[in-house]
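For the sequence shown, the numbering used here begins at 421 and goes up steadily by one. Comments concern the structure below.
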Amino acid sequence: MSTIANNIAKVATRIREAAQAVARDPDEVRLLAVSKTQPAEAIRLACDAGLQDFGENYLQEALEKQASLSDLSVTWHFIGPIQSNKTKLIAEHFDWVHSVDRLKIAQRLSDQRPAHLPALNVCLQVNVSGEASKSGCDPQAVYPLAHAIAALPRLRLRGLMTIPEPTEDPAEQRAAFARLRQLQNGLDLELDTLSMGMSQDLEAAIAEGATWVRVGTALFGARSPASPIATAAPPHE
Ligand SMILES: *Cc1c(COP(=O)(O)O)cnc(C)c1O
């Protein structure tokens, strides 16, 4: 078995066991393969091994990979910080956006979503950990923002997303994910998605209701910290 197929099998086992531990149906939890900084060839191998959903953080890098993989049927997810001058290409080239954190970005994505494509699936990113992590809206803003986004014609608000402050303590991991679930439960909207959990903390996220886990390192191996792409996150506006 190839390394990627082996890693997929290991992650699938972790997902299944985490779901069973809390009596959830493992099929409710979907695996989003985070392929940022990985070459297109790695995505091709992961596709051959059965994955279909891929998450990218950097627009230019993603567009290049999409162009060289256009023969594959991939569902593309944008998961990185969004500058407003990038929304048009994101609206044109992705199926999901997990990292919407303000109304201006949501409005632009809706306005710019091409008419021949279905409504763009989006999640509202929430900063559940306070000042330490910078991306995501304030928990207090979730209710008005979610309702405003849900009303936009060319977006389909699916739920909430978070990247909590990293911690090794499973109880702290669960507490952060529980906050996202509680915020979602407080919304009177039809939502079916909680995008939370990564390589280190997917078990805690699944225990608290994750429906997408976004996994990079555990599938593709460590990203090179020296990669210029890896450090080229756009500044937050
Ligand atoms: C990089 C990244 C991930 C994956 O992180 P790993 O620790 O490599 O699994 C998940 N979500 C987002 C938003 C990311 O930027």
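Glycine included, every Cβ here is placed at the ideal spot set by N, Cα and C.
Reduced DSSP category for residue i - H, G, I as helix; E, B as strand; rest coil
| i | result |
| --- | --- |
| Gly550 | helix |
| Asn505 | helix |
| Ala462 | helix |
| Arg444 | coil |
| Ser597 | Before going further, note that residue 597 is Phe rather than Ser in the sequence given. Reduced to three states, the DSSP call for Phe597 is helix. |
| Phe514 | coil |
| Val562 | helix |
| Leu483 | helix |
| Val449 | coil |
| Asn605 | helix |
| Arg658 | There is no way to answer for residue 658, as the model of the chain reaches only from 421 to 657. |
| Val494 | coil |
| Ser615 | strand |
| Asn477 | coil |
| Leu523 | helix |
| Leu622 | helix |
| Leu639 | helix |
Sequence-distant residues of the same chain with beta carbon closer than 7 Å to residue i, five excluded per side
| i | result |
| --- | --- |
| Val517 | Phe498, Ile510, Leu529, Leu540, Val542 |
| Lys663 | A query on residue 663 cannot be resolved here, the shown segment of the chain reaching from 421 to 657 and no further. |
| Pro655 | A caution first: Pro655 carries a pLDDT of 47, below 50, which makes its placement in the model unreliable, though a value can still be read off. Cβ within range, chain order: n/a, list empty. |
Own chain residues within Cβ distance below 6 Å of residue i, not counting five before or after
| i | result |
| --- | --- |
| Arg450 | Trp632 |
| Arg599 | Val548 |
| Asn427 | Leu639 |
Own chain residues within Cβ distance below 8 Å of residue i, not counting five before or after
| i | result |
| --- | --- |
| Val494 | Ile463, Cys467, Gln472, Asp473, Phe474, Gln486 |
| Ile569 | Val520, Leu523, Ala526, Val542, Leu544, Leu575, Leu577 |
| Pro534 | Ala511, Glu512 |
C-beta contact flag for residue i and residue j at 8 Å
| i | j | result |
| --- | --- | --- |
| Leu577 | Ala566 | yes |
| Ser422 | Leu489 | no |
| Phe597 | Met616 | yes |
| Leu614 | Gly629 | yes |
| Trp496 | Glu476 | yes |
Cβ-based burial, residue i [other Cβ within 10 Å; buried from 16]
| i | result |
| --- | --- |
| Ala625 | buried |
| Pro501 | buried |
| Asp621 | buried |
| Ala642 | exposed |
Chain C within 8 Å of residue i, Cβ atoms only
| i | result |
| --- | --- |
| Lys524 | Looking at the structure shown, chain C is missing, and only one protein chain is on hand. |
Ligand 2 heavy atom lying under 7 Å from the CB of residue i
| i | result |
| --- | --- |
| Thr637 | As presented, the structure is devoid of ligand 2, carrying ligand 1 as its sole ligands. |
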